[in-house]
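*Asks:* Each residue of the sequence shown is one higher than the one before, starting from 15 at the first, in my numbering.
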Amino acid sequence: MAETGAQAVTVRTAEGQELTYPWATSLRVDRRGDLRVMHGLRRGAFHPCAEWASYTVTNLRREGDQQP
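1) Return the CA-CA distance between residue 33 and residue 45, expressed in angstroms with no decimal places.
2) In the region 48-75, which residue ranges form an unbroken beta strand (DSSP E) of at least 3 residues, counting only runs that do not cross its ends?
3) Who pairs with residue 24 in a beta bridge, going by DSSP?
4) Excluding the 5 residues flanking residue 71 on each side, which residues of the same chain have their C-beta closer than 7 angstroms to its C-beta?
5) Do you know whose CA, among 74, 27, 73 and 63, lies nearest residue 47's CA?
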């Protein structure tokens, strides 16, 4: 069975498109407003400030699930 992450990040672009990253482990927004969706220590996706409007983090774990 494949292991899945504990969260998913959805980024809404300035054009209204929604991009979902179920493998995301964290995200970073720098001083310029650039958004980086991280997969471990590696950058998995990059959205310059002018190209994204919002993001949402969704918890994929249920309340009773065990954490490793």
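Glycine included, C-beta positions come from ideal geometry on N, C-alpha and C.
*Replies:* This is what the structure holds:
1) 22 angstroms
2) 49-53, 56-61 and 66-73
3) 34 and 70
4) 21 and 23
5) 63
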